[in-house]
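In what follows, a single structure is set out as structure tokens and then discussed.
Numbering (our numbering), first residue to last: 1 to 134.
Here you go:
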């Protein structure tokens, strides 16, 4: 069993938020600047929401939020919309941080798991235990 502290998850999310900010700033100098700027801003937005949610309400609420958002994005995914693509990528990275693979998320959706069951299912599927460090 692997123990992941809530502080470690927050640190990882903050680092990915920083990468998204760098991408946002660098988007002016690369091809498809508007697409990449919007994509980076969308990722940054999701990371900020997850960080705030974990700090205010805990990891479990953030997981439920992320799972619901991920399901909604899969239902409405537009191949061209950089905002939706950025949100989707940030959520997938969050789930990778906590040890859940994209295939597992899609399986959860196909099985229509209720959001109240998400935490137990995610923890059981990924064999992770979350600890809140103080």
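Think of the CB as a built atom: it goes at the ideal place given N, C-alpha and C, for glycine as much as any other residue. The structure displayed is predicted, hence computed values, not measured ones.
Counting along the chain, no alpha helix (DSSP H) covers residue 29, and no H or E run does either.
The count of Cβ pairs closer than 8 angstroms, one atom from the region 62-70 and one from the region 86-106, reaches three, so the stretches are in contact. For residue 107, the enclosing alpha helix (DSSP H) covers residues 102-110. Under the three-state reduction of DSSP, residue 86 is assigned to helix. Annotated three-state conformation of residue 75 is helix, per DSSP. Your pair residue 98 and residue 30 does not check out as a contact, with CB atoms roughly 31 angstroms apart and the cut at 8 angstroms.
For residue 39, same chain residues with a beta-carbon under 7 angstroms away, outside a window of 5 residues either side, are 82, 85, 86 in chain order. Cβ-Cβ distances below 6 angstroms link residue 20 to 40, 43, 44 in the same chain, with the five nearest sequence neighbours on each side left out; the list follows chain order.
In this structure, the alpha-carbon of residue 55 lies about 9 angstroms from that of residue 62. Around the beta-carbon of residue 46, 16 or more other beta-carbon atoms lie within 10 Å, marking it buried.
Nearest Cα to residue 12 within the set 104, 50, 57, 60: 50. Between residue 6 and residue 59 a beta carbon distance of about 5 angstroms is seen, short of the 8 angstroms cut, so the two are scored as contacting.
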